[in-house]
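Report on the following structure.
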């Protein structure tokens, strides 16, 4: 984006992982289910980065930021001066206390290789955590003919960010595929023998697993920022321009929290592919002084077998939820605040069946629209028509053709 | 040159909308612009081969449902990351209320 925006000065990309920047979503899906091991799916090929004269210093983590001298020190001792600095350090898997040494986590390509190499047909896999990582892995492991049990301490799966009705649909699908899902159970203890991992749950279930993968959330990586004295608040704290408490340092993605105007300026940290991409692009523009506010809504999706769930906005902000039934078992949920404002939308269906409607709902949310529950529930009412009705009130907000 | 194939009825596509058309192992997306003109492109996004017909038409743009990559469906041009490869585009004509596209 820096290059697209016309910046021609030096751009240096520093990273701890030895791979070229790559996509993470396939790590829990295609990477596990594919017949043969594949290379990481790069975001931009080396040639393209070279053409754009983006210097890569990968496999070489930054260890210190010197804000006075405006330079970053790398692990080998090299120092890199900066005019503007972007921190996109991401998040690291939350560790389970007292987990056995051979339990795996999933964040990086190398993690995925380890999971894949241990996942043999017929093996028993225990997955700790009923969130996206755990459930996507459960689906992938089932597709590789493993026996799968998911252990989730909360009363239901996907409790943090997905509405109950959608979670119920996902759970039903997993059970139909033969995944054993245990909710309301934590890990009492975990031990290891020479051949397996022995897990005791808090409800007294005993599980003997060949492979255990833990997916219990992610913690923003803020050590560098914290050591440099930058403000930290649920990740690196940035303003609506993605600027940290230092005017020359910006942050984007899983590592930072930003105020969201649509939710009354509440500080939110979003862990999603789209948000990471949007914030990265926005930070680049603002590093060039364009001063554009972050207005994007939280938006994510998760593939579960051949269905995909989508969530736009924050459903937990709502006081009323209405449902719209679609074809082929798909459905949408619209989440309304007490004022009648649409604050979130979610849905699940085969392939990307609900994506378009969730996108239109996202535009309604951004317009602060107050569509009536009856209009939202009626499948024959086109969301595009509801959106057009809003446009009439706010012509400046019309998307460019 | 290529033959003209009947894809659908003009009435099958709402204004500012898109439908999917499959033919002979290939998949296409057929659009009706806000001005009521028809266009046709390859049906799969060049980023990750997702069906564009599941996406949203906004004016002269088709947005991929999954990663929101955008193409100008009149020119088939990719208009910015994450899409950078243009789509293939196909001539369209209307005869007696039917949409025909010419595929190579």
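Protein chains in written order, with the numbering used here: chain A, 106 to 506; chain B, 200 to 303.
Quick reminder that beta carbons are idealized off the backbone N, C-alpha and C, glycines included.
In this text, all values refer to a predicted model and were calculated from it rather than measured experimentally.
In chain order, what residues of the segment 437 to 464 of chain A put their CB closer than 8 Å to some CB of chain B? Answer in chain order: 456, 457, 458, 460, 461 and 464.
Which residues in the same chain have their Cβ closer than 8 Å to the Cβ of residue 205(B), if we skip the five residues on either side of it in sequence? Counting from one through the second chain, the residue named residue 205(B) turns up at place 6. Excluding sequence neighbours, residue 205(B) sits near 297, 298 and 299.
Compute the beta-carbon to beta-carbon distance between residue 227(B) and residue 291(B), rounded to the nearest angstrom, for a pair I have assumed lies under 8 Å. As a position in the second chain, residue 227(B) is number 28, starting the count at 1. As a position in the second chain, residue 291(B) is number 92, starting the count at 1. Between residue 227(B) and residue 291(B), the beta carbon gap of about 10 Å keeps them out of contact (Cβ cut-off 8 Å).
What does residue 379(A) touch in chain B if you count any residue whose Cβ is under 9 Å from its own? Counting from 1 along the first chain, the entry for residue 379(A) is found at position 274. Among the residues of chain B, those whose CB is under 9 Å from the CB of residue 379(A) are 266 and 267, following chain order.
Residue 132(A) versus 241(A), 123(A) and 225(A), residue with shortest Cα-Cα distance: Sequence index remark: in the first chain, residue 132(A) carries index 27 (1-based). Closest option to residue 132(A), Cα to Cα, is 241(A).
Quick one: does the C-beta of residue 327(A) sit closer than 6 Å to a heavy atom of the ligand FMN? Looking at this structure, you won't find the ligand FMN or any other ligand, since it has none at all.
Do the segment 199 to 218 of chain A and the segment 123 to 137 of chain A make contact, defined as three or more Cβ pairs closer than 8 Å? Counting C-beta pairs closer than 8 Å gives three or more between the segment 199 to 218 of chain A and the segment 123 to 137 of chain A, which meets the contact rule.
Only counting the same chain, and skipping five residues up and downstream in sequence, which positions put a Cβ closer than 6 Å to that of residue 388(A)? Start at 1 with the first residue of the first chain, and residue 388(A) comes out as number 283. By the criterion of a C-beta distance shorter than 6 Å, residue 388(A) is surrounded in its chain by 191, 347, 355 and 357, once the five residues flanking it on both sides are discounted.
According to the neighbour-count rule (16 or more other Cβ atoms, all chains shown, within 10 Å of its Cβ), is residue 152(A) buried or exposed? Position 47 of the first chain, counted from the start, is the residue given in the question as residue 152(A). Residue 152(A) is exposed by the Cβ-count criterion.
From the DSSP output, in three-state form, read off residue 328(A) for me. In the first chain, the residue the question calls residue 328(A) occupies position 223. Three-state DSSP puts residue 328(A) in a helix.
Can you give the Cα-Cα distance for residue 429(A) and residue 480(A), rounded to whole angstroms? Reading the first chain from its first residue, position 324 is the one you call residue 429(A). Reading the first chain from its first residue, position 375 is the one you call residue 480(A). Those two C-alpha atoms are separated by around 9 Å.
Reducing DSSP to helix, strand and coil, say where residue 489(A) ends up. Position 384 of the first chain holds residue 489(A). It is helical.
Can you confirm whether residue 255(B), when its beta carbon is compared against all beta carbons of chain A, has any partner nearer than 7 Å? What you label residue 255(B) is simply residue 56 of the second chain in a count that begins at 1. Judged by the 7 Å Cβ criterion, residue 255(B) is in contact with chain A.
Run down chain A in chain order and give the residues with a C-beta less than 8 Å from the C-beta of residue 282(B). Numbered from 1 along the second chain, position 83 holds the residue referred to as residue 282(B). The premise fails here: residue 282(B) is roughly 12 Å from chain A at the closest Cβ pair, so nothing lies under 8 Å.
Cβ contact (3+ pairs, closer than 8 Å) linking the segment 294 to 310 of chain A and the segment 136 to 153 of chain A: No: fewer than three Cβ pairs fall under 8 Å.
Of the residues 231(B), 303(B), 301(B) and 203(B), which one's Cα is nearest the Cα of residue 259(B)? Here the question's residue 259(B) lines up with position 60 in the second chain. For the residues 231(B), 303(B), 301(B) and 203(B), the minimum Cα distance to residue 259(B) belongs to 231(B).
Going straight from the alpha carbon of residue 180(A) to that of residue 150(A), what length do you get? As a first step, residue 180(A) must be located in the first chain, where it is residue number 75. As a first step, residue 150(A) must be located in the first chain, where it is residue number 45. Approximately 25 Å, taken between the alpha carbons.
Excluding the 5 residues flanking residue 472(A) on each side, which residues of the same chain have their C-beta closer than 6 Å to its C-beta? Here residue 472(A) refers to the residue found at position 367 when the first chain is read from its first residue. The beta carbon of residue 472(A) lies closer than 6 Å to those of 495 in the same chain, with the five residues before and after it left out.
Neighbour-count burial assignment, residue 208(B), 16 or more Cβ in a 10 Å radius: What you label residue 208(B) is simply residue 9 of the second chain in a count that begins at 1. Counting C-beta atoms within 10 angstroms of its own C-beta, residue 208(B) has fewer than 16 neighbours from the protein chains shown and is therefore classed as exposed.
Which runs of the beta strand (DSSP E), 3 residues or longer, sit entirely within the segment 323 to 409 of chain A? Whole beta strand (DSSP E) segments, 3+ residues: 323 to 325, 354 to 356, 361 to 365, 371 to 373 and 404 to 409.
Which residues does DSSP list as the beta-bridge partners of residue 323(B)? Residue coverage of chain B in this structure runs from 200 to 303, which leaves residue 323(B) outside it and unanswerable.
Strictly under 7 Å for the Cβ-Cβ distance: is residue 210(A) near chain B by that measure? Numbered from its first residue, the first chain carries residue 210(A) at position 105. Taking Cβ atoms only, chain B never reaches closer than 7 Å to residue 210(A), which makes this a no.
Identify, in the order they occur along the chain, each residue of the same chain with its Cβ nearer than 8 Å to the Cβ of residue 227(A), setting aside the five sequence neighbours on each side. On the first chain, residue 227(A) is found 122 positions in, with the first residue counted as 1. Result list for residue 227(A): 250, 251 and 252, in chain order.
Give every residue of the same chain whose Cβ lies closer than 8 Å to the Cβ of residue 427(A), excluding the five residues on either side of it in the sequence, and list them in chain order. Counted from its first residue, the first chain places residue 427(A) at position 322. Excluding positions up to five away in sequence, the list reads 438, 439, 441, 478, 481 and 482.
Between which two residues does the alpha helix (DSSP H) holding residue 274(A) run? Stepping through the first chain from its first residue, residue 274(A) is reached at position 169. Run containing residue 274(A): 269 to 281, per the alpha helix (DSSP H) assignment.
Can you give me the C-alpha to C-alpha distance between residue 287(A) and residue 257(A), rounded to a whole angstrom? For the purposes of this step, residue 287(A) is taken as residue 182 along the first chain, with counting starting at 1. For the purposes of this step, residue 257(A) is taken as residue 152 along the first chain, with counting starting at 1. Rounded to the nearest angstrom, the two C-alpha atoms are 6 Å apart.
Flag this pair as yes or no: are the beta carbons of residue 360(A) and residue 236(A) separated by less than 7 Å? For the purposes of this step, residue 360(A) is taken as the residue at position 255 of the first chain. For the purposes of this step, residue 236(A) is taken as the residue at position 131 of the first chain. Going by beta carbons, residue 360(A) and residue 236(A) fall outside the 7 Å limit.
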